[in-house]
Amino acid sequence: SSNSGNDGDDEGNDKAPELAEPYPIRDSNRLVEEYMLLANYLVAQRLLERTGGLALVRMHPPPLQRGLANVVEIAREASGYLIDPSTSRSLQSSLSRLGRTCDDELVLQC
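The working numbering puts the first residue of the sequence shown at 5, with every later residue one more than the last.
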């Protein structure tokens, strides 16, 4: 690995990735994720205690349709798996089912 500031993907001049590899999820990743979830829970608990349930909530923007379409297409082409992105509920249901039934590491990393 060089110190060129590369994020792991080899890119050409058009900025399109030339290489995509699964990222191994280690115990350290899971530990950090658990602490982030705990921190979110504790902040929410503190807000409820101190503000009487009134607080500003940051809402994430909806997913970019192009990116979402790419994920749907990758899953379909790689494993024949159909993801329904029509609503947030159907998307979550599809992704949960994919996580339980798909064994293609590249698809699961998308």
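Backbone N, C-alpha and C define an ideal beta-carbon position, used for all residues, glycine too.
Rounded straight-line distance, which links the Cα of residue j to that of residue i
i    : j   : result
R101 : L86 : 10 Å
G103 : E53 : 36 Å
A48  : R62 : 12 Å
T91  : S98 : 10 Å
I29  : E38 : 13 Å
C106 : L60 : 38 Å
Where residue i falls, given that 16 or more other Cβ within 10 Å makes a residue buried
i   : result
A79 : buried
Which listed residue (the options) has its alpha carbon closest to that of residue i
i   : options       : result
L58 : R50, P65, L46 : R50
beta-carbon residue i near the ligand ATP non-hydrogen atom, thresh 6 Å
i   : result
L35 : Ligands in the displayed structure: none, and consequently the ligand ATP is not present.
CB of residue i within 7 Å of CB of residue j, strictly
i   : j    : result
S73 : D108 : For the record, residue 73 in the displayed sequence is Ala; it is not Ser. Cβ distance not < 7 Å, so A73 and D108 don't count as in contact.
P89 : V76  : yes
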